[in-house]
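Chains as they are written, first to last, in the numbering used here: chain A, 27 to 276; chain B, 27 to 276. Here the structure is laid out as structure tokens; the discussion comes afterwards.
Protein chains: 2
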Amino acid sequence: MSGPRFEPVRTVRAYERIVEQVEEAIESGALCPGERLPSERDLMGQFSVSRSTVREALRVLQARGLVRSRPGDPNGAEVQPFSPAALHKSMTTLARVEELSLGELVQFRMVLDASANLLAARLRTDEQLAEMDAAIAGMRAAVEVGYDAFSAADIAFHDAVARASRNKLIQICTDVVRSIVLGLVSGKIAAAPDREALMRQSIGHHEEVLAAVRAGDGPLAARLSRQTMYDYYVGYVPQDERPALRALLE
Amino acid sequence: MSGPRFEPVRTVRAYERIVEQVEEAIESGALCPGERLPSERDLMGQFSVSRSTVREALRVLQARGLVRSRPGDPNGAEVQPFSPAALHKSMTTLARVEELSLGELVQFRMVLDASANLLAARLRTDEQLAEMDAAIAGMRAAVEVGYDAFSAADIAFHDAVARASRNKLIQICTDVVRSIVLGLVSGKIAAAPDREALMRQSIGHHEEVLAAVRAGDGPLAARLSRQTMYDYYVGYVPQDERPALRALLE
DNA sequence: CTAGTGCACTGGTCGGACCAGTAGGCTACG
DNA sequence: CGTAGCCTACTGGTCCGACCAGTGCACTAG
Numbered sequence: 027m028s029g030p031r032f033e034p035v036r037t038v039r040a041y042e043r044i045v046e047q048v049e050e051a052i053e054s055g056a057l058c059p060g061e062r063l064p065s066e067r068d069l070m071g072q073f074s075v076s077r078s079t080v081r082e083a084l085r086v087l088q089a090r091g092l093v094r095s096r097p098g099d100p101n102g103a104e105v106q107p108f109s110p111a112a113l114h115k116s117m118t119t120l121a122r123v124e125e126l127s128l129g130e131l132v133q134f135r136m137v138l139d140a141s142a143n144l145l146a147a148r149l150r151t152d153e154q155l156a157e158m159d160a161a162i163a164g165m166r167a168a169v170e171v172g173y174d175a176f177s178a179a180d181i182a183f184h185d186a187v188a189r190a191s192r193n194k195l196i197q198i199c200t201d202v203v204r205s206i207v208l209g210l211v212s213g214k215i216a217a218a219p220d221r222e223a224l225m226r227q228s229i230g231h232h233e234e235v236l237a238a239v240r241a242g243d244g245p246l247a248a249r250l251s252r253q254t255m256y257d258y259y260v261g262y263v264p265q266d267e268r269p270a271l272r273a274l275l276e
Numbered sequence: 027m028s029g030p031r032f033e034p035v036r037t038v039r040a041y042e043r044i045v046e047q048v049e050e051a052i053e054s055g056a057l058c059p060g061e062r063l064p065s066e067r068d069l070m071g072q073f074s075v076s077r078s079t080v081r082e083a084l085r086v087l088q089a090r091g092l093v094r095s096r097p098g099d100p101n102g103a104e105v106q107p108f109s110p111a112a113l114h115k116s117m118t119t120l121a122r123v124e125e126l127s128l129g130e131l132v133q134f135r136m137v138l139d140a141s142a143n144l145l146a147a148r149l150r151t152d153e154q155l156a157e158m159d160a161a162i163a164g165m166r167a168a169v170e171v172g173y174d175a176f177s178a179a180d181i182a183f184h185d186a187v188a189r190a191s192r193n194k195l196i197q198i199c200t201d202v203v204r205s206i207v208l209g210l211v212s213g214k215i216a217a218a219p220d221r222e223a224l225m226r227q228s229i230g231h232h233e234e235v236l237a238a239v240r241a242g243d244g245p246l247a248a249r250l251s252r253q254t255m256y257d258y259y260v261g262y263v264p265q266d267e268r269p270a271l272r273a274l275l276e
């Protein structure tokens, strides 16, 4: 039997075709960030569809972070530079819907940050090293100011390390996962009675990590960074999840 | 001067409010996967907006993978179980728009896979070990069959390891990044003249990794897995990106 | 020459309409 | 009595026309 193998036909909605075409134009570089799409009324002519259909397509493109439209703008929707906002959104959703635990998130940060340090120890430039120095100086100055300033300086340090890894994926995932973790625990940290001691301890740890990066000792920097993050967050991770975190500390 | 600090008012579109409400209902668990939303005509009553507005909201929710609607379905849109499809989409966009290089992608896979192996060596169950055995047996059997079957068995192995890590984030990111990498190189691998030799070499490497996981030697499993992936993909990575990959091999 | 005012356009929203599907109840036939 | 087939009452997808509140720009009045 088995005649010609027919595939089930997928009915494609009109607005999906529009999304595909615009997406292709953007991803291929035919449309660059900052450029404008034609107005909705023009697009309905070009695609031979109604404005409702054009608008549904634009809503999807906007949800994916590719374009943005402003009411009243005499030009059409603006092509956006890529931002991890969409990535962030879907990962946040994942964290809430799939019940990603704080332990898993911290564990993932340990993996990413350790890798970034491992690579940074080999690939960092002197400028990046200076950025890390400045970030730690900022942390030290921020102890007196408050937790928010401290956290900002801490983020600056980890961002500098991530950039030094020269891997954009590591940078972006680091950023996304960190903001989710901080959203879960920053309130608790800010309210901790011994937060000043925690901050001072964290600064010492960061200095050790930076010394390893400066010395070009990647494995050491990775191990120290894992330990640093473990110590900083372990207090907020449920007891039964801690063994999984310790599994990363050799 | 400095009177009361006024914040700029953010004009919120009607459809965004709808998205927020439905999103909240899903993420809080008030709406579970498989449940149905009211029909669009019901929703326009509940939200006191027109159907166009309801539809734009549904388009956004659908783009985020939270709901799915079928024409003709007497029930409304169906709440979807979380799928990494949206994550996959935004990461693929990132890869195209931001010109994520193959080197960065492979490097990220090395990081993820090594971490998964490190954790799996400690946390794996006997069943998961059996799955990995079966996957390698499948790889061996598939050498004669062809590259597609081999690749499928290879994927099964890495999936088993990722599951054994007990970190959902690692599992999902592994899946997403792998499919992007395979989309870039699977054609080249399938066409490689020496692909049978490559497959046999890969099987040997996987066996070594599995032995380390079985023995509970996490660091060894991690190192071997990095080496395995490096050897498998290095031929497709441009010369100038290879040093960054080797930086992960200590 | 500048400050102010319209105007022509934008996107956001509304309401109504039609179509092609689907599901499930109803009917008529075996 | 059981079932095959039709029928209806819905669904989502698309279209149309309209109105509103914004925005940018050209034009005008001082």
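Ideal placement from N, C-alpha and C gives every residue a C-beta, glycine not left out.
Which bits of chain B does residue i rub up against, with CB to CB less than 9 angstroms?
i	result
proline 264(A)	Correct list: empty, because the minimum Cβ distance to chain B is about 14 angstroms.
valine 123(A)	Ile52, Glu53, Gly55, Pro59, Leu92, Pro107 and Phe108
Name the one or two DSSP bridge partners that residue i has.
i	result
arginine 94(A)	Glu104(A)
arginine 62(A)	Glu104(A)
Which bits of chain A does residue i rub up against, with CB to CB less than 8 angstroms?
i	result
leucine 113(B)	Leu113, Ser116, Met117 and Leu120
serine 78(B)	Ser78 and Arg81
isoleucine 198(B)	Leu120
valine 207(B)	Here the premise fails: no neighbours, minimum Cβ distance about 11 angstroms.
valine 137(B)	Val137, Leu138, Ser141 and Ile196
Of all the options the options, which has the alpha carbon lying nearest to the alpha carbon of residue i?
i	options	result
arginine 272(A)	Met136(A), Val48(A), Thr79(A) and Pro64(A)	Met136(A)
aspartate 220(B)	Gly261(B), Leu208(B), Ile181(B) and Ala121(B)	Gly261(B)
proline 64(A)	Val48(A), Glu53(A) and Gly55(A)	Val48(A)
serine 228(B)	Asp243(B), Gln265(B) and Met255(B)	Met255(B)
glutamine 88(B)	Gln265(B), Pro100(B) and Ser109(B)	Ser109(B)
proline 107(B)	Glu124(A), Leu92(A) and Met117(A)	Glu124(A)
glutamine 253(B)	Gly230(B), Met165(B) and Ala241(B)	Gly230(B)
methionine 165(A)	Phe183(A), Gly102(A) and Leu155(A)	Phe183(A)
valine 93(B)	Ser76(B), Arg77(B), Ala111(B) and Thr37(B)	Ala111(B)
aspartate 159(B)	Tyr259(B), Glu233(B) and Asp257(B)	Glu233(B)
serine 54(B)	Val105(B), Lys194(B) and Arg77(B)	Val105(B)
proline 59(A)	Arg39(A), Asp99(A) and Ala103(A)	Ala103(A)
aspartate 257(B)	Val171(B), Leu224(B), Pro245(B) and Pro264(B)	Leu224(B)
alanine 218(A)	Tyr259(A), Thr119(A), Asp243(A) and Pro97(A)	Tyr259(A)
leucine 275(B)	Lys214(A), Ala188(A), Pro245(A) and Ser76(A)	Pro245(A)
isoleucine 215(A)	Gly172(A), Ser76(A) and Glu61(A)	Gly172(A)
serine 116(A)	Asp243(B), Gly91(B) and Glu61(B)	Gly91(B)
Below 6 angstroms CB to CB, which residues in the same chain sit around residue i once its five sequence neighbours on both sides are set aside?
i	result
valine 86(B)	Val45
alanine 83(B)	Tyr41, Ile44 and Val45
histidine 114(B)	Val202
leucine 145(B)	Ser191
valine 80(A)	Glu66, Leu69 and Met70
glutamate 157(B)	Ala186
proline 269(B)	none
Please compile the residues from chain A whose C-beta is within a distance smaller than 7 angstroms of the C-beta of residue i.
i	result
asparagine 193(B)	Glu130, Gln133 and Phe134
glutamate 276(B)	Pro245
valine 260(B)	Under the 7 angstroms cutoff, chain A gives no residues; its nearest Cβ is about 16 angstroms from valine 260(B).
So, for residue i: in the same chain, excluding its five sequence neighbours on each side, which residues have a beta-carbon less than 7 angstroms away from its beta-carbon?
i	result
aspartate 174(A)	none
arginine 150(B)	Ala190 and Val239
alanine 168(B)	Ala175, Phe176 and Ala179
methionine 27(B)	Unreliable positioning characterises methionine 27(B) in this predicted model, as indicated by a pLDDT of 45, which lies under 50. A coordinate reading is not provided.
valine 235(B)	Asn143, Ala247, Leu250, Ser251 and Thr254
serine 212(B)	Ser177
arginine 148(A)	Gly242 and Gly244
Listing by chain order, which chain B residues have their CB less than 8 angstroms from the CB of residue i?
i	result
leucine 126(A)	Lys194 and Leu195
alanine 89(A)	Arg85, Val86, Ala89 and Arg90
alanine 270(A)	Leu145, Leu149, Arg192 and Asn193
alanine 273(A)	Leu144, Leu145, Arg148, Leu149 and Gly244
Hey, would you say the C-beta of residue i is under 8 angstroms away from at least one heavy atom of the ligand NAP?
i	result
histidine 232(A)	Among the components modelled here there is no ligand, and therefore nothing to report on the ligand NAP.
Taking 8 angstroms as the limit between beta carbons, can you name the residues of its chain near residue i, skipping five residues before and five after?
i	result
leucine 131(A)	Ala121, Val203, Ile206, Val207 and Leu210
isoleucine 162(A)	Ala179, Phe183, Ile229, His232, Glu233 and Leu236
glutamate 222(B)	Val169
glycine 129(B)	Val263, Pro264, Glu267, Arg268, Ala270 and Leu271
Fill in: Every unbroken alpha helix (DSSP H) inside the segment 173-202 of chain B [4 residues or more]
173-190
Worksheet item: What are the start and end residues of each continuous alpha helix (DSSP H) run of 4 or more residues lying completely inside the segment 212-248 of chain A, in chain order?
Response: 221-241
Worksheet entry | Start-end ranges of the alpha helix (DSSP H) lying completely within the segment 35-88 of chain A, minimum 4 residues | 40-53 and 66-73
Worksheet item: In chain order, which alpha helix (DSSP H) runs of at least 4 residues are fully inside the segment 141-176 of chain A?
Response: 152-171
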